Amino acid sequence: MFAPSQLEVRKFFCETYRKQRESLPLTPMEAIAADWIVEHPEYHDDLADPAAALAAVYTVEDGRTNPFLHLSMHLTLIEQHKIDQPRGVRQALDLLAARRQSLHEAHHEAMECLGEMIWTSQRSGLPPDGHAYLDCLRRKATR
Numbered sequence: 059m060f061a062p063s064q065l066e067v068r069k070f071f072c073e074t075y076r077k078q079r080e081s082l083p084l085t086p087m088e089a090i091a092a093d094w095i096v097e098h099p100e101y102h103d104d105l106a107d108p109a110a111a112l113a114a115v116y117t118v119e120d121g122r123t124n125p126f127l128h129l130s131m132h133l134t135l136i137e138q139h140k141i142d143q144p145r146g147v148r149q150a151l152d153l154l155a156a157r158r159q160s161l162h163e164a165h166h167e168a169m170e171c172l173g174e175m176i177w178t179s180q181r182s183g184l185p186p187d188g189h190a191y192l193d194c195l196r197r198k199a200t201r
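With the sequence shown counted from 1, adding 58 to any position gets you the working numbering.
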């Protein structure tokens, strides 16, 4: 399993943004990331300054979303959907996107479920609960 460091993630998104702005060729993963970067112009200043991006600390108290975490979650959801892992996530995300008439809005709602699953896992010391995650997605998709 690929587990990049925080610095590697930040460099990846900054470099992808640079390549996108300069109309340079992108790898397949960079192309997916670039699509989500376009959807989030509020992060462009963060991505345009790699030195500041590598040093930045994002805390809840600051009231700002961590752009690198947010974009990473979009990539996570794309990958989960692609491979249907956990099994059933593709159907749940498709239903949520159809109900919201927006893949982007569906992702933002799914991020709440994903974040909750990760937070619960970290707090409990147990592996992530894919069933609880899917239940959360399904609840959002059916209301």
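Beta carbons: idealized from backbone N, C-alpha and C, even for Gly. For clarity, every value in this text was computed on a predicted model and none was experimentally measured.
Classify residue i: buried if its beta carbon has 16 or more other beta carbons within 10 angstroms, exposed otherwise.
| i | result |
| --- | --- |
| Met87 | exposed |
| Pro62 | exposed |
| Val118 | exposed |
So residue i and residue j are supposed to be a Cβ contact under 8 angstroms. How far apart are they, rounded?
| i | j | result |
| --- | --- | --- |
| Ala168 | Leu195 | 6 angstroms |
| Pro108 | Cys72 | 4 angstroms |
In the DSSP assignment, the alpha helix (DSSP H) including residue i goes from what residue to what residue?
| i | result |
| --- | --- |
| Pro108 | 108–113 |
| Val118 | Note, Val118: premise wrong, no alpha helix (DSSP H); not H, not E. |
| Gly183 | Where Gly183 is concerned, there is no enclosing alpha helix (DSSP H), given that its DSSP letter is neither H nor E. |
Please work out which residues of its chain come closer than 6 angstroms, Cβ to Cβ, to residue i, disregarding the five sequence neighbours upstream and downstream, and give them in chain order.
| i | result |
| --- | --- |
| Pro125 | Tyr101, Asp104 |
| His132 | Trp94, His165 |
| Met59 | Reliability fails at Met59, whose pLDDT of 44 lies under 50, so the model's placement of it is uncertain and the value that follows must be treated cautiously. No residues qualify anywhere along the chain. |
In its own chain, which residues sit with a C-beta less than 7 angstroms from the C-beta of residue i, not counting the 5 before and 5 after it?
| i | result |
| --- | --- |
| Asp152 | none |
Once the 5 residues before and after residue i are set aside, which same chain residues still bring their CB inside 8 angstroms of it?
| i | result |
| --- | --- |
| Tyr75 | Ala92, Ile95, His102, Leu105, Ala106 |
For this session: Determine contact between the segment 80–96 and the segment 124–140, defined as no fewer than three beta-carbon pairs at a distance below 8 angstroms.
Result: yes
Exercise. When the Cβ atoms of the segment 106–126 are set against those of the segment 152–167, are three or more pairs found closer than 8 angstroms?
Worked result: no
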